[in-house]
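*Asks:* The opening position of the sequence shown corresponds to residue 1 in the UniProt record's numbering, with each subsequent residue numbered one higher. Backbone N, C-alpha and C fix where the C-beta goes; we use that ideal spot for every residue, glycine too. Computed from a predicted model, the values in this text were never measured in an experiment.
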Amino acid sequence: MHRILTEPHNSKYSIHPGNIKMYRDLQKVFLWNGMKRDIADFVVKCSNCQQAMVEHHKLGGMTQEINILPWKWEVINMDFIMGLPHTRILHDYKSSGELRQTLHQ
């Protein structure tokens with residue numbers, strides 16, 4: 001099973017798809033009990049995927065280190081505005097970059 005998951009995930013044609021795309025592609029050819037969970041676990045353990053998709057992760061707190069690949073951004077600068085009402089996805093802060101975009105619209 002490891003080879004079934006490794007080949008399509010690391011191939012030069014699909015370059016690290018997320019678990020949803022990988023599941024949709026693989027279910028055309030394979031099907032087993034717990035397939036969706038196995039694919040999700042496999043993608044979560046892929047360090048390249050986790051580093052490349054770091055902007056989609058909800059941070060646990062301001063003291064947490066943010067590991068970002070150097071090719072993604074050269075410099076990161078974040079200001080936090082705390083004490084705002086929770087958003088639909090339960091975030092209680094807004095970064096100043098997002099806030100500036102909202103104010104300029």
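For S47 and K12, what's the separation of their Cα atoms in angstroms?
*Replies:* Cα to Cα, S47 sits roughly 17 Å from K12.
*Asks:* Cutting at 6 Å between CB atoms, please list the residues of its own chain near K36, excluding the five before and the five after it.
*Replies:* Here the set comprises Y23.
*Asks:* Which residues in the same chain have their Cβ closer than 6 Å to the Cβ of V43, if we skip the five residues on either side of it in sequence?
*Replies:* Only N19, C49 meet the Cβ criterion.
*Asks:* Which class does L26 belong to by DSSP, given the choice of helix, strand or coil?
*Replies:* The answer is helix: DSSP assigns L26 an H, G or I state.
*Asks:* How many whole angstroms separate the CB atoms of I39 and L31, which I take to be in contact at a CB cut-off of 8 Å?
*Replies:* The Cβ separation is near 12 Å, so there is no contact.
*Asks:* Taking just the CA atoms, how far does I15 sit from G83?
*Replies:* Each residue's Cα considered, the two are about 40 Å apart.
*Asks:* Since K36 is in the alpha helix (DSSP H), which residue starts that stretch and which ends it?
*Replies:* Start and end: 35 to 44.
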